[in-house]
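Taking our numbering, I'd label the letters of the sequence shown as residues 3 to 162.
Each remark here refers to the structure printed beneath this line.
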Amino acid sequence: MKSPTLKTVIIAVVFTIIAYIIASNMTASPVLAAGLVFISAFLAPLVVGKTSTGPQSSTANNTIASDEDVRTLYVGNLPYRANETAVRELFSNHGAVLSVRLMKDKHTGKRRGFGFVEMAADDLDAAIAALNDTEFQQRTLKVREAKDRPERTEDNNLDD
């Protein structure tokens with residue numbers, strides 16, 4: 003359910019059913035039932051608005067016109083204790099951050115000390131200039147534009 007209007011309709015229907023049950027059990031007047039339905043029509047958008055303002059996905063915070071406007075930075079020598087929020091805050095001082103991915107060992111789940119930050123292409127050079135060879139949580143960061151990952155084939159897809 004990505005459409006807010008679909009959520010609104012579903013919640014309005016739920017409120018209408020609740021209003022009908024309450025009104026029929028109370029043997030109340032039809033005016034009360036109509037009032038509850040009317041109120042539910044106003045409450046549904048408010049409830050949907052509150053539920054959709056929770057934690058946003060990393061791409062929902064910033065709107066970028068197309069994939070051409072988004073570039074990926076490689077961030078190396080990250081402290082193992084650094085988390086996505088801290089890295090996002092650091093890079094957001096230098097431009098619009100779309101996502102942060104810190105790499106973890108697939109067997110142990112521990113961070114590997116590097117990651118990737120997706121930013122608006124316009125902000126990429128400024129972020130590299132400002133953050134490359136700077137200290138972050140007692141480690142000197144290495145920041146550069148990420149290289150495209152080569153296509154995986156059967157030959158180079160070796161499992162450990």
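Just so you know, even glycine gets a beta-carbon here, dropped at the ideal spot from N, CA and C.
For clarity, every value in this text was computed on a predicted model and none was experimentally measured.
- Check residue 104 in the structure and name its three-state DSSP category. strand
- Query: Roughly how many angstroms lie between the CA atoms of residue 121 and residue 112, to the nearest whole one?
  - Reply: 25 Å
- Using the beta-carbon count (16 or more within 10 Å), is residue 155 buried or exposed? exposed
- Query: For residue 66, does the three-state DSSP call read helix, strand or coil?
  - Reply: Residue placement at residue 66 cannot be trusted, given a pLDDT of 49 that sits under 50; what the coordinates show is reported in the next sentence. In the structure shown, residue 66 sits in coil (DSSP, three-state: anything other than H, G, I, E or B).
- Going by alpha carbons, who is nearest to residue 71 out of 104, 106, 123 and 94? 123
- Message: In this structure, how does DSSP classify residue 80 when only helix, strand and coil are distinguished?
- Response: coil
- Go through its chain and collect everything with a Cβ distance to residue 153's Cβ below 7 Å, but skip five positions before and after it. none
- So, is residue 13 buried or exposed, given that buried needs 16 or more other C-beta atoms within 10 angstroms? buried
- Nearest-angstrom Cα separation, counted from residue 150 out to residue 77: 14 Å
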